[in-house]
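Novice: Starting off with a structure, shown below.
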Amino acid sequence: MVTIDQDDYLKDFVEEAVKSSPHHYKIKILIGKALGLLQQMVDNGEKFDVIFLDADKGEYIEYFKLAFEQNLLSSRGTVLVDNAYMLGEGYMKSFGETNSKIFARAVASNPDLHSVLVPIRDGILMIRRLSDVEGDVRKA
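Letter by letter, the sequence shown follows residues 26 to 165 in the numbering used here.
Okay, here's the thing in structure tokens:
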């Protein structure tokens, strides 16, 4: 498990929080800009079964490209996007053109992806490659 945060002060907090877990040795804590660190992981050939995005919404398209176009996401992997509703920003016309709408359109218009919006709190968008989904899945 890898966790990335840009705020240096959180490293000690996170280390303290995971220290009591019997799995603490499996958790790598990285501090820095997520895009740069994730690109390094791509360059190193690292892959992840699950990628949970809760980051700068303006960079979600770039995270999306790293996961699906540069294969940071492993075969049969899942991307979970937190705050998918963005308090309505992603779908309400009154917000105008936003990064959330651009991201939502990129996911919805990609014929190679299957996504499900889970209506928990501010929404979690689950995204997988259509080729990894078993059974008959029809896009609405």
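We put the CB at the ideal spot given by N, CA and C, even for glycine.
Please report the distance separating the alpha-carbon of Ala165 from that of Ile86.
Specialist: In this prediction, Ala165 scores a pLDDT of 49, lower than 50, which makes its location untrustworthy; the coordinate-derived value is nonetheless stated afterwards. Taking the straight line from one Cα to the other gives about 22 Å.
Novice: Identify whether Gly70 lies in helix, strand or coil by the three-state DSSP scheme.
Specialist: The answer is coil: DSSP assigns Gly70 none of H, G, I, E or B.
Novice: Tell me where the alpha helix (DSSP H) around Ala127 begins and ends.
Specialist: A small correction: the amino acid at residue 127 is Ile; Ala does not occupy that position in the sequence shown. First-last of the alpha helix (DSSP H) with Ile127: 124–133.
Novice: Give the secondary structure of Ala165 by DSSP, where H, G and I count as helix, E and B as strand, and everything else as coil.
Specialist: In this predicted model, Ala165 has a pLDDT of only 49, less than 50, meaning its place in the structure is not dependable; the value taken from the coordinates is given anyway. Ala165: coil per DSSP, three-state reduction.
Novice: According to DSSP, simplified to helix, strand and coil, what is Val106?
Specialist: Of the three classes helix, strand and coil, the one that applies to Val106 here is strand, per DSSP.
Novice: List in chain order: all unbroken beta strand (DSSP E) runs of 3+ residues lying wholly within the segment 137–161.
Specialist: Counting whole runs of 3 or more residues, the segment 137–161 contains the beta strand (DSSP E) stretches 138–143, 149–154.
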